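In what follows, a single structure is set out as structure tokens and then discussed.
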Amino acid sequence: MMPKDKNVILIIKPYDKTVATSSNKILLDVLRELEIPIRSDCGGIGECGKCKVVLSRGSTIPFTSSERRFFSEEDLYKGYRLACQVRLIEGSYEVFIPSKSILQRYRSADVGFEKIVELLPAVKKIFVILPKSSLSDVRADYERIADVSKDFINLYDVDIDIDVIQKLPEVIRANDWSATIVVWHNKKIIDIESGDTSNKLYGLAIDIGTSRIVVHLIDLVNGNTIAIESIPNPQASYGADIISRLSHAIQSNDNLKKLQEILLRAINLTIDHISLRANISKDNIYEAVVVGNT
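Numbered according to the working numbering, the sequence shown terminates at residue 275, and the numbering increases by one at each position without gaps.
Structure below.
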């Protein structure tokens, strides 16, 4: 039995999603909550006509003046509506979202000509072979790592993360006392890996643009770009321009939090995608530089 406050059923195509929601809600808001990447260049005020959907015929939801401006009587009869103008009333509806109303998904790019820049990563990896424990050498594993660090990177006041210390015994013995230490700014050991993984050192350059998010996967050993991926900025569902999004964000803290959440989720999904495509582990990505509009 449907809860009294959930008196609207939406069947959303081509996503094959069925959702129960409340009457008096705007259809565009429901689609946003479902994180369906529908366009809304004007921010949902009925001015751009980009959030076109097809609502099941026979709907008694009234047309607005904005919809009459964008659609002919024939289109309205066929069920064409603007998602930002549809205020839901009790009932069941099938909603079809045309491809032109959907933001494009992932786009891979070929790595082309790039300007050569000096590579100064904050993180570096060093392969070390540690002296084995013996009756004449009973130093703790922590001390062995600290002493080796002094020899290789002139790090005399070594700082090691507690989680690194906890896994030292297993890691350094897994490959006959050889390991790779991960050092941040020549000041702190942030990780240790069994064997020689010194060639697996990656970083990200992330450009948060108004319309798209572009992620570059960089080999921090040689400076080469391994792969590039881009995805539509999901905030575009709240406006095609920065002003529209700011207008939405300042309406409430919840709106601001939502814009942040969908952006972070999109970035993380793109990182997942580019890592899979490049066949590297995300555990070997140590740095990220992020730029965006101000």
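Idealized CB from N, CA, C, for every residue including glycine. Small disclaimer: the values here were computed from a predicted structure and weren't measured.
Query                                                                                                         : Result
C-beta contact flag for Val271 and Ile209 at 9 angstroms                                                      : no
Extent of the continuous beta strand (DSSP E) run through Phe52                                               : That residue, Phe52, is in no beta strand (DSSP E); it is neither H nor E in DSSP.
Endpoints, the alpha helix (DSSP H) within which Ser225 is located                                            : Ile223 to Ala230
Inter-residue spacing [alpha-carbon to alpha-carbon] between Glu268 and Val104                                : 7 angstroms
Counted within 10 angstroms of its Cβ, other Cβ atoms place Asp184 as buried (16 or more) or exposed          : This sequence places Gly at residue 184; Asp is not what is there. The residue in question, Gly184, is buried, as its Cβ has 16 or more Cβ neighbours within 10 Å.
Continuous alpha helix (DSSP H) assignments of at least 4 residues falling wholly in the segment 23 to 84     : 46 to 51 and 54 to 59
The segment 249 to 263 contacting the segment 167 to 175, beta-carbon criterion three pairs below 8 angstroms : no
Close beta carbons around Arg226, own chain, < 6 angstroms, minus the five adjacent residues each side        : Gln216, Tyr219 and Gly220
Arg193, DSSP secondary structure in three states                                                              : strand
Straight-line Cα distance separating Ser4 from His229                                                         : 22 angstroms
Thr2 versus Pro79: straight-line alpha-carbon distance, rounded                                               : 22 angstroms
Under 9 angstroms between C-beta atoms of Glu75 and Ser37                                                     : yes
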